[in-house]
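A.B. asks: Right, I'll just put the structure down here and ask away after.
Residue numbers (this note's numbering), protein chains in the order written: chain A, 1 to 451; chain B, 1001 to 1451.
Spelled out as structure tokens, the structure:
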């Protein structure tokens, strides 16, 4: 079988005749020459059709092509320093698969966000969206390959869960036995306590990962999580992807070191694999490159609050940071920065108290620079059964719902830590996106679950 | 920092003193010697405590340890051909982190499946479950790294979707605006058509991948999918993981070749990385190894039906195969086998008709041998707008719900194909599991969404 040609491999095909299968994403022509901007999924290249170098039919075909026509084009690859990709194609022949009968809706003019989101299935084809999804892919693959090197085992946490790791106001309930007749249910001898059982879409796989560390030592998950967000902001999605990692016998300091190593592995992979994409996004890569050799600073929550107060933000000593404070603080750093040891009462029940100050926990957020804010949240977990249950009771939690989780402290409890990284936040930061909605292929928000 | 010791690296630590952090998973002792079966997540090793070689306290500590005690043990690694792992540890010192106050519920006696599933958070620690999840991880990573080599870009298809790719009786509905007051909804100026909007949990990402190929050429997803299954069989889960792949300019034959290459890459990775795990599972690896060098046979649906009929199965010429027929057929082969070109009327609407017989489609199932049945389903997709809509109308489908999908045939339509592989089916086959419930960390079934 002849090896296929892809635009990304142009450098290996100089002066060779190739067959390009793809789409016309732009076009201009004069009386004697036509320039076709071509795309095949792996990259972009300009094809040139010169009237007196091709058959009259071929030149006519070139002139008739419209945006998003699908084509199989034969031509010669040449180096061209003026071309953005460094290569051009001298077109010899054009086979048209389809010329759209209607005008392509996403033409040259500017469109509002609603129009673009309604046409997300087509919008994904634009150069900028192509670049973002390629960077997203590079981040995903970097996470998998880095965690593989570090010996983490993927444990897929369930999506349908009986209770929530965090909060309850943003849960999506799912009737667990939908559309079943009583007869059907009887026949199957359903053993669920109630036929009106309700499950909830997972907001984090962490508690399940804590169960798996006693089997595998180091584990991670990477899947969709859900929040029925009531806010329509540039940072909120109802459905987004999270990776959680959890490791046995790892304490707070080492937990932060693991996070730093992961973020650097991700940055390095994206810089190596996506120069064209970052160029399309007009991303200043020096800022990203500089991070690779620097140690991420660690500052205490107390100091972080003081920094925010200095910027005239009204915020109390024991408040959570919030988006505004995070932006202010992360703008002051040229690397990601760890904020550690938050007040115990504002953080999740499972975080371990700081032995040096029991009113604070051994946790950290990791804020991306340039005002992007939180990309990771992590902590050492409370491994003492008595301390954990005492605190849960103080929070009025129903211990019965967490019996299985408490078992992990009854049978072979160990010091352990973990963290969760939001994929869309990482994409938004690395691509420097204004709005998180561009960071995911098909965004779900307050008012949208289509297309 | 001293490099940490993990059991999997024992061969590099022969005659060296190491610190093992882990759990006691079994124990036996006589008057003067104690054997501790130890686990650290990366593997298993036997530790030996000889009374007159350690302090009286250490020997007493060893004797007091019970199942699932967490420990930090110092000792010397020695080669021992009799040991299952090939290594043993001469214990010098034991630091106990926790001796469980209660007896470990999953002791030696046999437990029923309900008891085990109720204690899934602990059951995962057993040697067999450890091995299964490690194989599962190896399969997942093999899929990612093979698709990376092949140039596929991950496009995360949405989980909350407006309509279903297949069937509607097994859908999980999700009220899209849960627990919101009218006031809240008014304030946010919700633009959803109805405040009673219902989304459905995805059953396949395929249609979304078809949108993404025009941007990226070759794409895949890998995430949870959901079926509100009414059957409680050894093959059914309500929540399971699927990978879908889709590629532009790929037709039926090449689609099957892509599947074969992927399956072989997965098998090779598992055989390379998981010999200990397959040994624990008592899996006959020669059967798996033999597959690597063989071409997978391709047989027509018609022939498959005849094969099943010869085995006295009551099945018609235009019937779907079903689990029983799949088992019969796949038992006749020592490699996976492709069954292609099913009757059009029994398959999904998007499959392309066979140009040689328009009553059949250019699809395939891939059946695993040893009676395991379907592990992959794939097809070339209908790329002609008129043919597609005519068939959808015949099936009484509401074209309005698919406008965005039809756009893909309006703007730059191209021949394309794809397939979906069920992760749990792959795990069940490669590990040779009786029941699919062991193949996923936290199974969700008809009557269970806990722990």
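Every residue, glycine too, gets a C-beta built ideally from N, C-alpha and C.
None of the values given here were measured: they were computed from a predicted structure.
Consider the Cβ of residue 1098 of chain B: report whether some Cβ of chain A lies at a distance smaller than 8 Å.
C.D. replies: Locating residue 1098 of chain B in the second chain gives position 98, where the first residue counts as 1. Chain A, which has a Cβ nearer than 8 Å to the Cβ of residue 1098 of chain B, makes this yes.
A.B. asks: At least one CB of chain A closer than 8 Å to the CB of residue 1285 of chain B: is that the case?
C.D. replies: Taking the first residue of the second chain as 1, we reach residue 1285 of chain B at position 285. No, because no Cβ of chain A sits closer than 8 Å to the Cβ of residue 1285 of chain B.
A.B. asks: Let me check understanding here. Comparing Cα to Cα, which of B:1102, B:1143, B:1350, B:1021 lies closest to residue 1259 of chain B?
C.D. replies: Taking the second chain and counting its residues from 1, the one referred to as residue 1259 of chain B is at position 259. For residue 1259 of chain B, the nearest C-alpha among the options comes from B:1143.
A.B. asks: Residue 54 of chain A to residue 438 of chain A, Cα distance in whole Å?
C.D. replies: The residue you call residue 54 of chain A lines up with position 54 of the first chain. The residue you call residue 438 of chain A lines up with position 438 of the first chain. Roughly 41 Å separates the two Cα atoms.
A.B. asks: Do residue 496 of chain A and residue 208 of chain A have their C-beta atoms within less than 8 Å of each other?
C.D. replies: Lying outside 1 to 451, the shown extent of chain A, residue 496 of chain A is not represented and no answer is given.
A.B. asks: DSSP three-state label for residue 218 of chain A, please.
C.D. replies: Here the question's residue 218 of chain A lines up with position 218 in the first chain. If DSSP states are grouped into helix, strand and coil, residue 218 of chain A belongs with the strands.
A.B. asks: Quick check on residue 1094 of chain B - is its C-beta less than 8 Å from some C-beta in chain A?
C.D. replies: Residue mapping note: residue 1094 of chain B aligns to position 94 of the second chain, counting from 1. Not an interface residue.
A.B. asks: Between residue 1292 of chain B and residue 1267 of chain B, is the Cβ-Cβ spacing less than 8 Å?
C.D. replies: As a position in the second chain, residue 1292 of chain B is number 292, starting the count at 1. As a position in the second chain, residue 1267 of chain B is number 267, starting the count at 1. Result yes, Cβ atoms of residue 1292 of chain B and residue 1267 of chain B sit closer than 8 Å.
A.B. asks: In the DSSP assignment, find the unbroken beta strand (DSSP E) run with residue 380 of chain A in it and report its ends.
C.D. replies: Within the first chain, the letter at position 380 stands for residue 380 of chain A. From DSSP, the beta strand (DSSP E) with residue 380 of chain A extends over 373 to 380.
A.B. asks: Classify residue 21 of chain A as buried or exposed, calling it buried when 16 or more other Cβ atoms lie within 10 Å of its own Cβ.
C.D. replies: What you label residue 21 of chain A is simply residue 21 of the first chain in a count that begins at 1. Flag for residue 21 of chain A reads buried.
A.B. asks: Which residues in the same chain have their Cβ closer than 6 Å to the Cβ of residue 247 of chain A, if we skip the five residues on either side of it in sequence?
C.D. replies: Here residue 247 of chain A refers to the residue found at position 247 of the first chain. Once the five neighbours on either side are set aside, the close Cβ partners of residue 247 of chain A are 218.
A.B. asks: When you compare the CB positions of residue 35 of chain A and residue 50 of chain A, do they come within less than 8 Å of one another, or not?
C.D. replies: Here residue 35 of chain A refers to the residue found at position 35 when the first chain is read from its first residue. Here residue 50 of chain A refers to the residue found at position 50 when the first chain is read from its first residue. No, they are not a contact pair.
A.B. asks: Can we say the segment 1399 to 1413 of chain B touches the segment 1377 to 1385 of chain B, given the rule of at least three CB pairs closer than 8 Å?
C.D. replies: Verdict: yes, contact present.
A.B. asks: Answer yes or no: do residue 1315 of chain B and residue 1323 of chain B have a C-beta to C-beta separation smaller than 8 Å?
C.D. replies: Here residue 1315 of chain B corresponds to residue number 315 of the second chain, with the count starting at 1. Here residue 1323 of chain B corresponds to residue number 323 of the second chain, with the count starting at 1. In this structure, residue 1323 of chain B does not lie closer than 8 Å to residue 1315 of chain B by Cβ.
A.B. asks: Kindly identify the DSSP beta-bridge partner or partners of residue 1199 of chain B.
C.D. replies: Sequence index remark: in the second chain, residue 1199 of chain B carries index 199 (1-based). DSSP output for residue 1199 of chain B lists B:1174 as bridge partner(s).
A.B. asks: With 16 other CB atoms within 10 Å as the buried threshold, where does residue 340 of chain A fall?
C.D. replies: For the purposes of this step, residue 340 of chain A is identified with residue 340 of the first chain, where counting begins at 1. Result: buried.
A.B. asks: I want to see whether chain B comes within less than 8 Å of residue 124 of chain A, judged by CB atoms only; does it?
C.D. replies: Walking along the first chain from the start, residue 124 of chain A turns up at place 124. True, the Cβ-Cβ gap to chain B drops below 8 Å.
A.B. asks: Compile a chain-ordered list of the residues in the segment 199 to 224 of chain A whose CB is closer than 8 Å to at least one CB of chain B.
C.D. replies: If the cut-off is 8 Å between Cβ atoms, the segment 199 to 224 of chain A has 199, 201, 208, 211, 212, 213, 214, 215, 216, 217, 218, 223, 224 near chain B.
A.B. asks: From the DSSP output, in three-state form, read off residue 1456 of chain B for me.
C.D. replies: Nothing in the structure corresponds to residue 1456 of chain B, since chain B is present only between 1001 and 1451.
A.B. asks: If I'm right that residue 42 of chain A touches residue 71 of chain A with Cβ under 8 Å, what's the distance once you round it to whole angstroms?
C.D. replies: Mapped onto the first chain, residue 42 of chain A falls at position 42. Mapped onto the first chain, residue 71 of chain A falls at position 71. With a Cβ gap of about 16 Å, residue 42 of chain A and residue 71 of chain A do not count as contacting.
A.B. asks: Measuring only between beta-carbons, confirm whether residue 33 of chain A sits less than 8 Å from chain B.
C.D. replies: Reading the first chain from its first residue, position 33 is the one you call residue 33 of chain A. Taking Cβ atoms only, chain B never reaches closer than 8 Å to residue 33 of chain A, which makes this a no.
A.B. asks: Tell me the rounded alpha-carbon separation between residue 1179 of chain B and residue 161 of chain A.
C.D. replies: Position 179 of the second chain, counted from the start, is the residue given in the question as residue 1179 of chain B. Position 161 of the first chain, counted from the start, is the residue given in the question as residue 161 of chain A. Note that residue 1179 of chain B scores 49 on pLDDT, short of 50, meaning its location in the model is unreliable and no value can be drawn from it.
A.B. asks: From the DSSP output, in three-state form, read off residue 1296 of chain B for me.
C.D. replies: Stepping through the second chain from its first residue, residue 1296 of chain B is reached at position 296. Residue 1296 of chain B falls in the coil class under three-state DSSP.
A.B. asks: Considering only the beta carbon of each residue, do residue 1099 of chain B and residue 1089 of chain B sit closer than 8 Å?
C.D. replies: Position 99 of the second chain, counting from 1, holds the residue named residue 1099 of chain B. Position 89 of the second chain, counting from 1, holds the residue named residue 1089 of chain B. The answer is no: Cβ separation not under 8 Å.
A.B. asks: Am I right that residue 1216 of chain B and residue 1287 of chain B are in contact with their C-beta atoms under 8 Å? What's the rounded C-beta distance?
C.D. replies: If you number the second chain from 1, residue 1216 of chain B lands on position 216. If you number the second chain from 1, residue 1287 of chain B lands on position 287. Actually they do not touch by this definition, with Cβ atoms about 37 Å apart.
A.B. asks: Is residue 1195 of chain B close to chain A? Criterion is C-beta to C-beta, closer than 8 Å.
C.D. replies: On the second chain, residue 1195 of chain B is found 195 positions in, with the first residue counted as 1. At residue 1195 of chain B the pLDDT is 49, less than 50, meaning the model places this residue with poor confidence; the figure from the coordinates comes in the next sentence. Output row for residue 1195 of chain B: interface = no.
A.B. asks: Could you round the C-beta distance between residue 999 of chain B and residue 1419 of chain B to whole angstroms and report it? I think they count as a contact, below 8 Å.
C.D. replies: Residue 999 of chain B lies beyond the stretch modelled for chain B, which goes from 1001 to 1451, so this question has no answer here.
A.B. asks: So with Cβ pairs under 8 Å, would you call residue 1154 of chain B a contact of chain D?
C.D. replies: The chain labelled as chain D is not found among the protein chains of the depicted structure, namely A and B.
A.B. asks: Expressed to the nearest angstrom, what Euclidean distance is found between the alpha-carbon atoms of residue 200 of chain A and residue 1309 of chain B?
C.D. replies: Your numbering for residue 200 of chain A matches position 200 in the first chain. Your numbering for residue 1309 of chain B matches position 309 in the second chain. In a straight line, the C-alpha of residue 200 of chain A is about 45 Å away from that of residue 1309 of chain B.
A.B. asks: Could you give the residue range of the beta strand (DSSP E) that holds residue 79 of chain A?
C.D. replies: As a first step, residue 79 of chain A must be located in the first chain, where it is residue number 79. Start and end: 70 to 79.
A.B. asks: Pull up the CB-CB distance for residue 1440 of chain B and residue 1240 of chain B, whole angstroms please, since I reckon it's below 8 Å.
C.D. replies: Numbered from its first residue, the second chain carries residue 1440 of chain B at position 440. Numbered from its first residue, the second chain carries residue 1240 of chain B at position 240. 7 Å between Cβ atoms; contact.
A.B. asks: Give me the Cα-Cα distance between residue 297 of chain A and residue 257 of chain A, rounded to the nearest whole angstrom.
C.D. replies: Taking the first residue of the first chain as 1, we reach residue 297 of chain A at position 297. Taking the first residue of the first chain as 1, we reach residue 257 of chain A at position 257. Cα to Cα, residue 297 of chain A sits roughly 11 Å from residue 257 of chain A.
A.B. asks: I'd like to check one pair, residue 224 of chain A with residue 1223 of chain B: are the Cβ atoms closer than 8 Å?
C.D. replies: Taking the second chain and counting its residues from 1, one reaches residue 1223 of chain B at position 223. Taking the first chain and counting its residues from 1, one reaches residue 224 of chain A at position 224. Cβ atoms of residue 1223 of chain B and residue 224 of chain A: closer than 8 Å.
A.B. asks: Which residues of chain A have a Cβ atom closer than 7 Å to the Cβ of residue 1429 of chain B, listed in chain order?
C.D. replies: Numbered from 1 along the second chain, position 429 holds the residue referred to as residue 1429 of chain B. Within 7 Å Cβ-Cβ: nothing; residue 1429 of chain B doesn't reach chain A, min ~18 Å.
A.B. asks: Which residues in chain A sit within 9 Å of residue 1327 of chain B, going by Cβ to Cβ distance?
C.D. replies: Indexing the second chain from 1 puts residue 1327 of chain B at position 327. Chain A residues near residue 1327 of chain B: none, gap ~23 Å exceeds 9 Å.
A.B. asks: Which same chain residues, not among the five before or five after residue 189 of chain A, have their C-beta less than 8 Å away from its C-beta?
C.D. replies: Here residue 189 of chain A is taken as the residue at index 189 of the first chain, counted from 1. With a pLDDT of 48 at residue 189 of chain A, under the threshold of 50, the modelled position of this residue cannot be trusted, and the question is left open.
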